[in-house]
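Enquirer: One structure, pasted below without further comment.
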Amino acid sequence: MAKIPTTAVAAAGLLGGYGAARWSGRRELGGVVLAAAGATAAVQWQRQAGTGTAAALTGLYVAAFGGSHPLAKKIGAWPSVFAVTGVVAAASAIATRR
């Protein structure tokens, strides 16, 4: 089984979490997707870059989720989700580069 890059896991959690909540009408389903991908990414970040970096990236992931809400009021829901996902993906790619 091929390993999915951590950057893709984190991006899928943010995009998929919002998409699952929006299309299903069930916010808790989006939360499950967000949490599962976030936990998976955190484990992978720790293995790839160490505990401190994993903690920082996990904090950024959570902050991106929280920050997307007020940002959505200014630029719209999907643009907000794409923006914060880009930030998390870029940080993940930089931090886990070998």
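Numbering (this note's numbering), first residue to last: 4 to 101.
Just so you know, even glycine gets a beta-carbon here, dropped at the ideal spot from N, CA and C.
#1: With distances taken between CB atoms, is the gap from Y21 to G41 smaller than 9 Å?
#2: Could you check if G16 is buried or exposed, using at least 16 other CB atoms within 10 Å of its CB as the buried criterion?
#3: Are the segment 64–82 and the segment 33–49 touching by the rule of at least three beta carbon pairs closer than 8 Å?
#4: Give me the Cα-Cα distance between M4 and V12, rounded to the nearest whole angstrom.
#5: Could you tell me the alpha carbon to alpha carbon distance between W26 and L37, rounded to whole angstroms?
Expert: This is what the structure holds:
#1: no
#2: buried
#3: yes
#4: Legend: pLDDT at M4 = 43, less than 50; position of this residue unreliable, no value from coordinates given.
#5: 15 Å
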